[in-house]
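Report on the following structure.
Here it is, written out as structure tokens:
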């Protein structure tokens with residue numbers, strides 16, 4: 001079966017076409033993405049502006065055409081925090097559905113955590129024992145822990161790298177007082193969740209997904225993406241502490257010169273590092289292993305399993 005997954009994220013909108021069937025790992029066949037930065041198109045603080053809505057609609061139309069050209073049987077479309085946070089998000093998606101017949105479902109933060117956890121469990125397998133999975137997105141941080149394919153606990157916090165950069169930093173590089181204030185805020189928010197997660201036991205294997213963690217691992221010396229997904233990549237807390245301090249003194253243009261850091265993500269890497277530092281410290285995680293699978297793969301696996309998404313069935317948009 002050829003599946004298409006349309007991921008409407010806070011930074012990037014991504015169409016991934018995969019060949020998949022039950023009992024086999026999904027194989028990527030085609031990828032098309034664009035950095036729309038929808039979170040930056042929120043006007044009056046919580047409304048998706050006309051330009052952002054128009055650009056999203058145009059991308060979805062293009063994605064639907066590409067999916068048809070690539071022979072996609074089912075197109076699964078979902079949106080995360082940028083649309084979730086917009087008070088007019090459902091209206092925007094309803095208009096897109098009317099124009100394109102693509103039904104985009106808004107995932108809750110807990111849904112993101114559970115689906116990402118599923119992908120990580122399938123990648124590493126049962127030998128990992130109790131997993132703890134951390135994911136830093138543009139708008140939120142997800143942390144999930146469990147011993148099965150469904151986590152015992154999944155927590156979502158509004159601590160995404162893009163959101164924090166916009167809300168807390170006013171200069172490039174930011175004033176040291178702004179960095180300290182953000183650090184206090186992030187640690188306070190994460191600390192509230194530690195007891196809820198820790199009550200289920202220490203993890204046997206701590207894993208990270210997301211662009212932020214991959215970039216931090218890369219600048220700390222991990223293998224590049226050119227070496228393929230099967231190379232083991234890790235990120236130590238010691239490296240995160242060192243690089244957080246170094247990133248705080250760099251303007252975005254210098255961060256973009258670091259290995260694996262794109263110009264579009266450079267500005268928010270410091271805030272992401274602050275979150276990574278706090279999560280690894282408060283959850284007592286000296287090392288995180290980077291997983292190449294994340295939310296999109298979790299969505300595909302759930303679809304293949306034929307399981308309901310959350311409390312309702314996953315809507316499938318026929319191409």
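In the UniProt record's numbering, the protein residues as written are 1 to 319. Ideal placement from N, C-alpha and C gives every residue a C-beta, glycine not left out.
Cβ neighbours of residue i in the same chain (closer than 8 Å, five flanking residues each side left out)
{"i": "residue 216", "result": "235, 239, 240, 243, 269, 272, 273 and 276"}
{"i": "residue 198", "result": "283"}
{"i": "residue 205", "result": "124, 128, 129, 130, 131, 132 and 289"}
Nearest-angstrom Cα separation, counted from residue j out to residue i
{"i": "residue 184", "j": "residue 287", "result": "22 Å"}
{"i": "residue 189", "j": "residue 157", "result": "8 Å"}
{"i": "residue 312", "j": "residue 95", "result": "Unreliable positioning characterises residue 312 in this predicted model, as indicated by a pLDDT of 39, which lies under 50. The coordinate reading is nonetheless provided below. Between residue 312 and residue 95, the C-alpha separation is close to 22 Å."}
{"i": "residue 279", "j": "residue 220", "result": "18 Å"}
{"i": "residue 64", "j": "residue 29", "result": "16 Å"}
{"i": "residue 85", "j": "residue 203", "result": "31 Å"}
{"i": "residue 46", "j": "residue 127", "result": "43 Å"}
{"i": "residue 214", "j": "residue 36", "result": "20 Å"}
{"i": "residue 281", "j": "residue 136", "result": "15 Å"}
{"i": "residue 346", "j": "residue 69", "result": "Because the chain here runs from 1 to 319, residue 346 falls outside it and cannot be looked at."}
{"i": "residue 305", "j": "residue 52", "result": "34 Å"}
{"i": "residue 12", "j": "residue 209", "result": "16 Å"}
{"i": "residue 58", "j": "residue 201", "result": "46 Å"}
{"i": "residue 230", "j": "residue 44", "result": "44 Å"}
{"i": "residue 196", "j": "residue 142", "result": "14 Å"}
{"i": "residue 295", "j": "residue 303", "result": "12 Å"}
{"i": "residue 25", "j": "residue 166", "result": "38 Å"}
{"i": "residue 73", "j": "residue 54", "result": "26 Å"}
beta-carbon residue i near the ligand FAD non-hydrogen atom, thresh 7 Å
{"i": "residue 116", "result": "In the structure shown, the ligand FAD is absent, as is every other ligand, since no ligand is present at all."}
Start-to-end residues for the alpha helix (DSSP H) that takes in residue i
{"i": "residue 213", "result": "211-219"}
{"i": "residue 54", "result": "50-69"}
{"i": "residue 22", "result": "Unbroken run through residue 22: none, as it is neither H nor E."}
{"i": "residue 249", "result": "Residue 249 -> no alpha helix (DSSP H), and no H or E assigned at all."}
{"i": "residue 95", "result": "89-100"}
{"i": "residue 185", "result": "176-198"}
{"i": "residue 282", "result": "269-282"}
Span of the beta strand (DSSP E), counted from its first residue to its last, around residue i
{"i": "residue 156", "result": "153-157"}
{"i": "residue 133", "result": "131-136"}
{"i": "residue 76", "result": "74-79"}
{"i": "residue 4", "result": "2-8"}
Neighbourhood of residue i by C-beta distance below 6 Å, restricted to the same chain and skipping five residues each side
{"i": "residue 263", "result": "256"}
{"i": "residue 144", "result": "113, 117, 133, 151 and 154"}
{"i": "residue 100", "result": "60, 61 and 64"}
{"i": "residue 172", "result": "251 and 252"}
Anticipated Cβ contact below 8 Å, residue i with residue j, distance rounded
{"i": "residue 71", "j": "residue 2", "result": "5 Å"}
{"i": "residue 151", "j": "residue 113", "result": "7 Å"}
{"i": "residue 259", "j": "residue 218", "result": "5 Å"}
{"i": "residue 138", "j": "residue 162", "result": "4 Å"}
Residue from the options whose Cα sits closest to the Cα of residue i
{"i": "residue 33", "options": "16, 27, 49 and 24", "result": "16"}
{"i": "residue 146", "options": "119, 21, 160 and 164", "result": "119"}
{"i": "residue 83", "options": "261, 115 and 38", "result": "38"}
{"i": "residue 91", "options": "115, 50 and 66", "result": "50"}
{"i": "residue 207", "options": "232, 227, 225 and 191", "result": "232"}
{"i": "residue 223", "options": "292, 40 and 27", "result": "292"}
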